[in-house]
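Input: a single structure, listed below in structure tokens.
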Amino acid sequence: MKKLFEEHIARIERKVELYTKMSGTISRARLAIFIITLLFVFLASGVVNDLVYTIVLIGFVIAFLNLMGRHKNVEEFIQKLTFLKQIKQEQIARMDLQWDRIPFRDFNRGKYLTHPYAQDLNIIGKRSLFQLMDTSIYGGSSNILSAWLLNKAENVNGIKQRQKLVQELAPLQLFRDKLRVEALFIKSKTGRYEWSMEQMLDWLRLPKKTGFHFPLVIMIFLSVSNVTLGVLALMDMLSSVYFVISFVSYLTMLKTTEKKVSGLFDSAFQMEKLLGSFSNILNHVERFKASDSKQIADFLKVYQEEAQKPSITLKKVRRFAVAASIQKNQLLGPIVNLFIPWNLFFSMKLENLKEELEPKLSKWLDTFYELEALNSLANYSFLNTNYSFPLFDKNSANLFKAKQLGHPLIPEGQKVTNDFEVKPGKDLFLITGSNMAGKSTFLRTVGINLVLAYAGAPVNAESLNTNLFRIFTSINVNDSLGDGLSHFYAEVKRLRVLLDELNKDEDQPLFFFVDEIYKGTNNKERYSGSAAFLREVAGKNGIGMVSTHDLDLADMESEIEALSNWHFVESIKDGKMSFEYKLKSGPCPSTNALEIMKMEGLPVG
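Residue numbers 1104 to 1708, in the numbering used here, belong to the letters of the sequence shown in order.
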């Protein structure tokens, strides 16, 4: 796949080179036409027949405008090809985990400091699962994706429906790429002072202005009266005094309605500008036919039902914007409004259009944001063909069963996979092992794949069957200088929250991960506290994985029925240490701390 992307990039580069040459040719031709036209204007004036002069001049102008249009189209095509190349380069970067080449949307990490698992499982932030997956251009889409990754899985049906959509979208690479190219192109053309979609929705949701009908009826009557009385006065059939009274009354009404018509053009311009540029995206989705993808076809109905098609509504918006533009015409605007209440009429029409447009646009945007988030999952699936979609079989003999489970944020060449299963009644796992042997990584591996499963994405496993769980971690607990908390006390507070979650009366059990329990205190107190913790959590509404260096805790397997021992081990040969990163049953038979000290030249006693 990487080779195919590289070949695609090479083809794009050849096309860009070809169209860049074409752009230069058109540019030179346009300059030549301009110079020839100037020469013709000055040299042929009064020399050739006026009719011939006019026809030739019009021909030159048409040719110049045609070249301008072609040049603009070629330049836009080059820019879109450049965006497509960027997308392909990003896909290679995502496959190879080249983090510096993967776009990063910054989140307020402080917001997630108390989240049940966001920090410990590297779900958000730099070099995170979110950064790896997110291909969205719009913030609303990224918010939906992050919600899928960070919120509790509510029901299996919702996950399965999302899985189906992702599976249907994954092979539609051309559709996904074009959507992203159009979005990137629109974003590049958005001016600093132009509305965003969110600003436009806020404006559409403002309370509707009322009170148009009465002054509009009066002004229409006065407008007709002005014309009638003016004509009669010109024909000397009626005194001009009546016309003056009628006209002054009309001007008075015009003055009193100024507030109602203020901002008509600016609002109409912003609305037409934003929707006009966004229409390319909406039209692309509207025209797409998902013949073999039933879920996608149903999902896109909001754009494709005849009465709701964006193209129909956007045409109405454009016509309205053209009519409203008269307000800003310093010559035509005042003249037209002297005769008819143009601005007042279209201000009323704008309020009605807002009322019609808001629910449609809200639905289009909500669906589009969800589509972009789904495309992120679909792209992730497309790039990881060796991943599988999890099953949620309640009738399975296991609460959790994975084959060849790996960590998606570890490069393929360095990744080691493991089988792991959880059976009812044996749901507390004590994992021992040497330093750097893989305990922490394995806890994160199980946790991050659960997050992927509940988001509707494929997991890094040959197969995975799981129930729904709430997820909670205590892996990378940091001290807090601002709050005056040591590392140990911060961990204690975190474990207190864990116990509270475990004791909640919830339908979904808790799947919790504790790494290096109570590592911030002395051996005696660590063992005592850890043993008490294991007794407390055993048999509760949850599954637990607890890692530790305290090998003495392994003896608790005989005391706690739900507890089982597992370990990771290393081998040392010729002063070099190597790790298998393979999960094995039973307590760890060895430690390596003294050997590491010795290898680094430190005294070991």
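In this text, a Cβ means the ideal position worked out from N, Cα and C, and glycines have one as well. Just so you know, these numbers come straight off a predicted model, no measurement behind them.
The residue from Y1220, L1134, N1386 and R1131 with its alpha-carbon nearest to that of F1572 is Y1220. Going by DSSP, I1534 is part of the beta strand (DSSP E) stretching over L1531 to G1536. Per the DSSP secondary-structure output, G1647 pairs in a beta bridge with L1531 and F1615.
Under the DSSP assignment, D1522 falls outside any alpha helix (DSSP H), being part of the beta strand (DSSP E) whose first and last residues are N1521 to V1525.
Residue nearest to Y1345 within the set F1495, R1173, A1371 and N1329 is N1329 (criterion: CA-CA distance). For S1365, the three-state secondary structure derived from DSSP is coil. Beta bridge pairing from DSSP links I1574 with F1614. In the three-state scheme derived from DSSP, where H, G and I count as helix and E and B as strand, F1315 is classed as coil.
Around the C-beta of L1146, fewer than 16 other C-beta atoms lie within 10 Å, and the residue is accordingly described as exposed. Taking all protein chains in view, the Cβ of M1340 is surrounded by fewer than 16 other Cβ atoms within 10 Å, so the residue is classified as exposed. The beta-carbon distance between V1580 and R1597, rounded to whole angstroms, is 5 Å. This is short enough to meet the 8 Å contact definition.
Secondary structure note for H1590: its alpha helix (DSSP H) is the uninterrupted segment H1590 to L1605. A Cβ-Cβ contact shorter than 8 Å links P1413 with E1389. In this structure V1562 touches S1491 by the C-beta definition: roughly 6 Å separates them, less than 8 Å. Three or more beta-carbon pairs drawn from the region 1528-1536 and the region 1642-1649 are found closer than 8 Å, and the two stretches are therefore classed as touching.
In terms of Cα proximity to L1367, the closest of L1107, K1281, N1455 and F1381 is N1455.
By the beta-carbon neighbour count (other beta carbons within 10 angstroms, threshold 16), M1451 is buried.
Contact between S1650 and D1618 holds, since their C-beta atoms are separated by about 5 Å, short of 8 Å.
In terms of Cβ geometry, Y1122 and I1181 form a close pair [threshold 8 Å]. Rounded to the nearest whole angstrom, the CA to CA distance from L1224 to T1544 is 9 Å. Pairing P1690 with V1672 gives a Cβ-Cβ distance that is not under 8 Å.
Taking the C-beta atoms as reference points, L1480 is found no nearer than 8 Å to A1400. Going by DSSP, A1393 is part of no beta strand (DSSP E) at all; its letter is neither H nor E.
Collapsing the DSSP output to three states places H1670 in a strand.
With at least 16 other beta carbons inside 10 angstroms of its own, P1444 counts as buried.
Residue burial annotation: Q1234 is buried, with at least 16 other C-beta atoms found within 10 angstroms of its C-beta. Between L1447 and T1360, the CB-CB gap stays under 8 Å. Bounds of the beta strand (DSSP E) holding S1566 are S1566 to T1569.
Assigned with DSSP and collapsed to three states, V1159 falls in helix. In the DSSP secondary-structure assignment, L1494 is bridged to N1568. The residue among K1466, R1638, L1170 and S1130 with its C-alpha nearest the C-alpha of L1385 is K1466. In this structure, the beta-carbon distance from L1154 to F1143 does not fall below 8 Å. The straight-line gap separating the alpha-carbon atoms of D1655 and Y1630 is approximately 8 Å.
Note: K1504 is bridge-paired with E1524 and N1568 in the DSSP secondary-structure output. Within the same chain, and ignoring the five residues on either side of G1333 in sequence, the residues whose Cβ sits closer than 6 Å to its Cβ are F1346. Under the DSSP assignment, N1552 falls in the alpha helix (DSSP H) whose first and last residues are K1542 to A1558.
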